[in-house]
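Quick note, the sequences are listed as chains A and B, same order. Mapping to the numbering used here: the first sequence position 86 is 86, numbers consecutive. Add 1000 to the 1-based position in the second sequence for the numbering used here, that's all there is to it. The next block holds one structure in the form of structure tokens; read it before the comments.
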Amino acid sequence: EAQVTQNPRYLITVTGKKLTVTCSQNMNHEYMSWYRQDPGLGLRQIYYSMNVEVTDKGDVPEGYKVSRKEKRNFPLILESPSPNQTSLYFCASSPLAGVNTGELFFGEGSRLTVL
Amino acid sequence: AQSVTQLDSQVPVFEEAPVELRCNYSSSVSVYLFWYVQYPNQGLQLLLKYLSGSTLVKGINGFEAEFNKSQTSFHLRKPSVHISDTAEYFCAVSEQGAQKLVFGQGTRLTINP
Chain A
1 EAQVTQNPRY LITVTGKKLT VTCSQNMNHE YMSWYRQDPG LGLRQIYYSM NVEVTDKGDV
61 PEGYKVSRKE KRNFPLILES PSPNQTSLYF CASSPLAGVN TGELFFGEGS RLTVL
Chain B
1001 AQSVTQLDSQ VPVFEEAPVE LRCNYSSSVS VYLFWYVQYP NQGLQLLLKY LSGSTLVKGI
1061 NGFEAEFNKS QTSFHLRKPS VHISDTAEYF CAVSEQGAQK LVFGQGTRLT INP
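Here's what the structure looks like:
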């Protein structure tokens, strides 16, 4: 089954404790992206990657890091989480040609709470 | 840069009533337009999209949307809603040639029996 898998789905952590949210897709997509969803703000792009070893900042990259060492994986790293990073995070993937035409496939989301 | 405004944060309707969710966009170039749906505790999935051609676009689950270039709008409609349509709906825009989707703030559709 074609899917985007995120882990963990739920996490409560404390300020400053490094964490990683993993994202894996099994569709051989070149493009992967991370979004955060906050009430009243919709989805905002954090980082994206057009292919292996190619990453770029989205609209709200501060406080986050990513890496793309393999095509299928695109982990999101919070080196020193703060309460304002409490949010619902989504990973998405797409064939490169499909990004512009809206063919994004989303994971089920990871709800992160930073105390 | 493109932007999207969804005019209603919440829309309550009765079951079997019609519904319209409003979306306006801003861009200086030609765009592609999309509606995504997010059911409770799930990720987003594509509902319908406008790339070119007919301005009336039909999607899954009986939804349709109309692209109005002069009013820069892409409103989503359904003639008769069901309880199962309860979800959050996101309008999104992509400028032609750009590798980026910009999402609106979302509209929560609540269906009352």
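Think of the CB as a built atom: it goes at the ideal place given N, C-alpha and C, for glycine as much as any other residue.
What is the rounded straight-line gap between the Cα of residue i and the Cα of residue j?
i                : j                : result
Q1002 of chain B : G1043 of chain B : 23 Å
S1094 of chain B : I1111 of chain B : 30 Å
G42 of chain A   : G1106 of chain B : 5 Å
K17 of chain A   : T113 of chain A  : 12 Å
F74 of chain A   : R68 of chain A   : 5 Å
E1088 of chain B : Q1038 of chain B : 5 Å
L1101 of chain B : Y48 of chain A   : 11 Å
A1017 of chain B : L1007 of chain B : 20 Å
K57 of chain A   : L78 of chain A   : 15 Å
S1052 of chain B : S1070 of chain B : 15 Å
M32 of chain A   : K65 of chain A   : 14 Å
Under three-state DSSP, which class holds residue i?
i                : result
L97 of chain A   : Reading off the sequence, residue 97 of chain A comes out as Ala, not Leu. Three-state result, A97 of chain A: helix.
P1018 of chain B : coil
P1012 of chain B : strand
S80 of chain A   : coil
D59 of chain A   : coil
S1073 of chain B : strand
Q45 of chain A   : strand
N1061 of chain B : helix
S67 of chain A   : coil
S1030 of chain B : coil
S1054 of chain B : coil
Q1006 of chain B : strand
S1094 of chain B : strand
Go through its chain and collect everything with a Cβ distance to residue i's Cβ below 7 Å, but skip five positions before and after it.
i                : result
T1072 of chain B : N1024, Y1025, S1026
V1029 of chain B : E1095, Q1096
N26 of chain A   : A2, Q3, R72
Rank the options by C-alpha distance to the C-alpha of residue i and give the top, closest one.
i                : options                            : result
A1065 of chain B : B:E1015, B:L1101, B:Y1036, B:P1113 : B:Y1036
D38 of chain A   : A:E108, A:E103, A:F90              : A:F90
V60 of chain A   : A:T22, A:W34, A:T20, A:L104        : A:W34
K1079 of chain B : B:N1068, B:G1062, B:L1048          : Residue identity check: residue 1079 of chain B is Pro in the sequence provided, not Lys. The residue with the shortest Cα to Cα distance from P1079 of chain B is B:G1062.
T22 of chain A   : A:Q6, A:T86, A:V66, A:G40          : A:Q6
Determine the contact status of residue i and residue j, defining contact as a CB-CB distance below 8 Å.
i                : j                : result
R1077 of chain B : V1031 of chain B : no
R1022 of chain B : H1075 of chain B : yes
I1060 of chain B : E1015 of chain B : no
Q1099 of chain B : V99 of chain A   : yes
V1011 of chain B : F1103 of chain B : no
H29 of chain A   : P95 of chain A   : yes
F106 of chain A  : A97 of chain A   : no
G102 of chain A  : F1034 of chain B : yes
L19 of chain A   : I46 of chain A   : no
L88 of chain A   : R36 of chain A   : yes
Starting from the C-beta of residue i, find all residues in its chain whose C-beta is less than 6 Å away, skip the five residues before and the five after it, and write them out in chain order.
i               : result
L11 of chain A  : L112
V116 of chain A : This structure cannot speak to residue 116 of chain A, because chain A is shown only from 1 to 115.
Strictly below 7 Å CB to CB, what residues from chain E border residue i?
i                : result
Q1042 of chain B : No chain E appears in the structure shown, which is made up of the protein chains A and B.
Spatial neighbours of residue i within its chain, please: C-beta separation below 8 Å, excluding the five flanking residues on both sides.
i                : result
E53 of chain A   : R68, K69
A1145 of chain B : Residue coverage of chain B in this structure runs from 1001 to 1113, which leaves residue 1145 of chain B outside it and unanswerable.
V1057 of chain B : L1048, K1049, Y1050, E1064, A1065, E1066, F1067
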